[in-house]
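**Q**
Chains as they are written, first to last, in our numbering: chain F, 1 to 350; chain E, 1001 to 1350; chain X, 2001 to 2401; chain P, 3001 to 3401.
Rendered as structure tokens:
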């Protein structure tokens, strides 16, 4: 395990940050919030073809760049920092890992190259709802499917198996739903005797979700850091009672507590990313741990950022609210903190 | 319900406070902490004969003064404020209410006058441990009996009945235990075929414990107010960096939060005392509510008081630690806050 | 339990109860849930506007006016009946019990009237107060400015005396109810050379005409009940200056955080109602059996009951004629921090379903999403929690500035 | 997972591991649990003193000294081997792995040595450093004073130059290890007329003789490892002034909160050990199935693991040669606030049984009672949490003073 960022990793971070600053500023995000798809296809195309972001952690034999999860975590942190609103998490994290772990070589060769190239947008439809599979046909529904309306390939889990379904297959109905965090898109997908191919058992799904938890924590880290930076910058310049509000001890101490939490989250995310990359047996414990902690940190930072900004902090125009809503989404998505803490104590044998 | 204190009530408060200031200062409490009995029998005798404190809420026909629980709550608040270390709570609250509610007129006439006069010191041995009663004889044990080594009369509960046992009866063994809060005394009592008389069913015990919860909350209020007063007084005078530490915003805001909690506790205790006095049907909900809230308030105030005092705050010589340990005792005694909150939601029908 | 306030108040309560029974138009109580409330910073409860426009509400308003039960705490000569705080509290209790609405005159009743009663001339009182009671004048507040949210004394809006008129120019912000107002009470700087607090005046200006423009400020909840206002040479007669020129700070302070106790015993009702709605939600999602959720529900119920207990105690003190202290700050801090936390608890109970909004144009939200988002503003507007804690520490505990 | 620090470090680790295997006296690891620790402000772990007095520990100390593994980070000419932070960290890891103790020289190694290395003359280095390595000089700290806990620069203890000597008179407080010390490093005022920070000197004085008296301060935990000290004209040669007269503030600051990273990767071990002891306690009382307790245990485990992750990251940064920032303040704030909360959680788990102390003279407590009570001092001594937050906000975030 090498924790310090290598030169290549620092360059990767810098290039992704520059790309997002240029191509998807928060102003651009606000525009995309009101579009049906919620993301900029051209930006996605460039992110795929020029920066190769979806390909990053996919093995070379499947058209990927063959980097590790450590590099992907850096990208995810930057995406979270910029509130990137595209299908990266759904396709390059959830779906890609599901296919990688499913054990079906044919499926890997069939789907991963497209995902790596960004041409196939895939997602993973999780959930506990009743869903029946009969001789290769699915019937039932899945709610809260991330990027469900954007994906052309939908991976569906049942208690036993992992299925691949084409979004345009007969019997598949996708209904986009309005989201509280308009930078994330969800859909309800119903299957009525829809043709589906089994691409593996549901058994490796635990590992897929652990990786996803770490990946989401990396995005949360970026969001939390951005919220803290925003609060600190404002505290340095905003004056009340003829002094910067950053001179008030309460503001100081809150920012200090946030820094402690953000730095701790950063340490945990780095460690967790290495655990994924090394296939470490620490992953089952650090995954719920880091997801719960990063959720609390991001929620806390996003909330304090609003309070420190005062009146303008709760306006629609101010970006503080975007981070607050994203923090709520990330906190609930893939399980809330209490759920992950309970999972943690179970996994350490209590 | 009259919430504002009447002239009589204000005088009662003043006289009790003066009595405790004169007769049992915190210096005196420290001396008593190291004595076997833990209290000053002479002070108890005066509190009983001159101020009539144990008699206060006992009906006149049983040798009491016939005041209400409202007056007793005022006394309890003052006792809590002064960290009074005698058997008042055990005898005048736990035991007196158990006998009053038990429904056995004979037992009332037999025991209450002595308790009212302060000549009989009684206590109530609660607990879930197995305890068997066979034709008027008890066998088993009770732990954490308040003032168990001081009481001459021990009331014991089983699942069915309430028993009265003389402390000096054959088969009764009382073992005092060392307490973390040295201003409270506990004992383990074992019964080996000890003669006991049934004085009622265990059924009214719920009401007795609700009254006890409110009574303890009143003591906690006094303790919390004392801790807050101590912290505020220190913050006004202690100087660091050439200014009183009370000018630092963090100290200010913590004291403000404590005031909010203490004032809320005061409102709740006053309301709860009236609920007891009026036999209101709100008692079953406000009893666990006020015990849980007063516990949190006292624990918070006692802890912040130490932190605000800095180095001297955690020394043995400083009185802050006495309130901290008392806060811990009160928080755990008669059930911890989580337990009372769970009871509260059950009682409001959730 | 009911607070025993003596035989006079008991009679007053009984008379009032029968008056309401006799005068409340049939069906008035069923028009809407009058005790429910819009979360400031969030969306208004549905149906409230419609219910207020209903002829039965108009009739009720008229009867209350005739009975001097609008602004009843004001002196008789101005349309009230000099009702004391205890009776106003009983009035609120009885109206709530009967499920009928109070008719209140918003900031005109809450802020402008009290300032006028303390600081204005008898001519000013005679002119301005009855117009508030009748609803002819509806006020909005012009205190905060973009640069000065917490630091009120730093207002830059200018007030220039021009003959027998004063001309007000500047920008205000966080004005609620601007759309319904025809008047604004502003704090403006009339003496730029005087020290910060000494150069201000408290002026009642028309909030109509081409010199006044305002723009709604959309909040994170999607609602927009605050505005920013642009005053471009708004003219008012000098007789609209309350308390004299350059004396505005003192006038403003008499009303800010002025706890009258009148709502002390009813303010918890809306929160109690909301709490039970949350319990229903928890049951709907099967979360009411989760021990952690149960602790959170116990916490919320406790906070609501504490508001009730504290309200009863406040009223008892008012009844004793005790001077109100910083209760206003404690009350604001208490409910706003409570409501912020309640929104978090509610969204935790709702879980994943809280990620989805109702369909519809704009940014519609569920009730709990609305509480969650709007709750963020509660600890900021009209005095942040930090300002409230400063006030409590300095005024109630006497900690040094 | 193990941090990959390159082949050189890997070799160093391998060599060290075999050296320990070859040189650790048989049974040394079993003498006591060397990784366990006394909670500052609380009681020392039982058996530690006895174990340190054991001949096998004496032998181990000798071998470490011969191998220059006592204060190994110091230059060779003073008894060390100029070991860098990464290797010191590996040293700590390997010793912990083998269950054998480091031999450390307390404040002499942690505070005095670093100050001397930066600010002293070569003569001073040659005189003072070897005596620390050998254990001949044991130092205690004389910084805090009764009136000045947080405001260090306000010290009043006087240092008067008398010929080639300096005479120190005043009162110090919160000294730990006074009983075992023969030297004290004091901050005293040598120029009363100079501004607050400029008139101080950093002096090494004998902590023996009739001019020195000290009195243990008993803490709420019943333990008493802090002392207050009375210095009544203690004499030391001027050569015991480090960094020159009136330069004491700069000297003191170089060592305060000086994060060397050496213990970064082992500091969590004691807390992890303690966590599992708490899990056993929870099982013993049947509380480990309580969902609320489980959340608390998850929180505690998370905090301990965060110490581990942060430690690994700190070490990685040290390995990169990055300048340490306010890590020391963050670390202190983190573990002290954690440990305070852990004590509360532990007592919550123990419940009613926590009301009872073990029998015995004095004020004996259970381990959890000890953590609970001593934990209150952790957020106060050597820089309160408030001071740490100030430092973090101003130095790490650049917020204005």
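Just so it is clear, CB atoms sit at the ideal spot from N, CA and C, and this is done for glycine as well. Predicted model only: the values in this text are computed from it and were never measured.
Pick helix, strand or coil for residue 3133 of chain P, following the three-state DSSP scheme.
**A** helix
**Q** Does residue 1309 of chain E come within less than 9 Å of chain X when only Cβ atoms are used?
**A** no
**Q** Hey, out of F/337, F/325, F/343 and F/344, whose CA is closest to residue 2376 of chain X's CA?
**A** In this structure, F/325 is the residue among F/337, F/325, F/343 and F/344 with its C-alpha nearest to the C-alpha of residue 2376 of chain X.
**Q** For residue 3172 of chain P, list the residues DSSP reports as bridge partners.
**A** Per DSSP, P/3229.
**Q** Residue 3381 of chain P versus chain E: which residues are under 8 Å apart at the beta carbon?
**A** 1311
**Q** For residue 1294 of chain E, tell me which candidate among E/1312, E/1313, E/1316 and E/1333 has the shortest Cα-Cα distance.
**A** E/1333
**Q** Kindly indicate which three-state DSSP category residue 2112 of chain X falls into: helix, strand or coil?
**A** helix
**Q** Quick one: is residue 1300 of chain E near chain F, going by C-beta distance under 9 Å?
**A** Residue contact check for residue 1300 of chain E against chain F: no CB pair falls below 9 Å.
**Q** Which residues in the same chain have their Cβ closer than 7 Å to the Cβ of residue 1318 of chain E, if we skip the five residues on either side of it in sequence?
**A** 1309 and 1312
**Q** First and last residue of the beta strand (DSSP E) that includes residue 2345 of chain X?
**A** Element bounds for residue 2345 of chain X: not the beta strand (DSSP E) but the alpha helix (DSSP H), 2327 to 2350.
**Q** Check the Cβ of residue 2291 of chain X against every Cβ in chain P and list those closer than 7 Å, keeping chain order.
**A** 3291 and 3292
**Q** Counting along the chain, where does the beta strand (DSSP E) carrying residue 1161 of chain E start and finish?
**A** 1161 to 1166
**Q** When burial is assigned at 16 or more other CB atoms within 10 Å of the CB, is residue 97 of chain F buried or exposed?
**A** buried
**Q** Would you mind telling me which residues of chain F sit closer than 8 Å to residue 3277 of chain P, beta carbon to beta carbon, in chain order?
**A** Per Cβ cutoff of 8 Å: no residues; residue 3277 of chain P is ~13 Å from chain F at best.
**Q** Using C-beta distances below 8 Å, list every residue in its chain close to residue 2157 of chain X, excluding the 5 sequence neighbours before and after it, in chain order.
**A** 2142, 2145, 2168, 2169, 2170, 2171, 2172, 2186, 2187, 2188, 2189 and 2231
**Q** Within its chain, find whatever has a CB closer than 8 Å to the CB of residue 131 of chain F; leave out the 5 residues flanking it on each side and keep chain order.
**A** 138, 139, 140, 141, 142, 156, 158 and 191
**Q** Since residue 3278 of chain P sits in a beta bridge, which residues does DSSP pair it with?
**A** Per DSSP, none; premise fails for residue 3278 of chain P.
**Q** Going by beta carbon distance, what residues of the same chain come within less than 6 Å of residue 3248 of chain P, once the five residues before and after it are set aside?
**A** Excluding sequence neighbours, residue 3248 of chain P sits near 3187, 3200, 3201 and 3202.
**Q** Which stretch, first to last residue, makes up the alpha helix (DSSP H) that contains residue 1109 of chain E?
**A** 1105 to 1117
**Q** Sort P/3204, P/3227, P/3197 and P/3265 by Cα distance to residue 3179 of chain P and report the nearest one.
**A** P/3227
**Q** Closer than 7 Å between beta carbons: that is the criterion. Which residues of the segment 1258 to 1272 of chain E meet it against chain X?
**A** 1259, 1260, 1263, 1264, 1267, 1268, 1270 and 1271
**Q** Alpha carbon to alpha carbon, how far is residue 3094 of chain P from residue 3018 of chain P?
**A** In a straight line, the C-alpha of residue 3094 of chain P is about 10 Å away from that of residue 3018 of chain P.
**Q** Around the Cβ of residue 2092 of chain X, are there at least 16 other Cβ atoms within 10 angstroms (buried) or fewer (exposed)?
**A** Only buried fits residue 2092 of chain X, as 16 or more other CB atoms lie within 10 angstroms of its CB.
**Q** Relative to the C-alpha of residue 62 of chain F, which candidate in F/86, F/106, F/82 and F/32 has its C-alpha closest?
**A** F/106
**Q** What is the DSSP secondary structure of residue 2102 of chain X, reduced to helix, strand or coil?
**A** coil
**Q** List the residues of chain X whose Cβ lies closer than 9 Å to the Cβ of residue 1237 of chain E, in chain order.
**A** Per Cβ cutoff of 9 Å: no residues; residue 1237 of chain E is ~10 Å from chain X at best.
**Q** When the cut-off is 9 Å and only beta carbons count, does residue 2365 of chain X lie next to chain F?
**A** yes
**Q** Report the residue from P/3383, P/3387, P/3352 and P/3393 whose alpha carbon sits nearest the alpha carbon of residue 1127 of chain E.
**A** P/3352
**Q** List the DSSP bridge partners of residue 3214 of chain P.
**A** Its beta-bridge partners are P/3229.
**Q** To the nearest angstrom, report how far apart residue 2347 of chain X and residue 298 of chain F are at their CA atoms.
**A** 16 Å
**Q** When the Cα of residue 2205 of chain X is compared with those of X/2300, X/2183 and X/2193, which residue comes out closest?
**A** X/2183
**Q** How big is the Cα-Cα spacing for residue 49 of chain F and residue 43 of chain F?
**A** 10 Å
**Q** Counting only C-beta atoms, is residue 291 of chain F closer than 9 Å to chain X at any point?
**A** no
**Q** Going by DSSP, name the residue or residues bridged to residue 3150 of chain P.
**A** Its beta-bridge partners do not exist; DSSP assigns none.
**Q** Residue 1028 of chain E to residue 1124 of chain E, Cα distance in whole Å?
**A** 27 Å
**Q** Touching or not, the segment 3028 to 3037 of chain P and the segment 3362 to 3371 of chain P, by the rule of three or more beta carbon pairs under 8 Å?
**A** no
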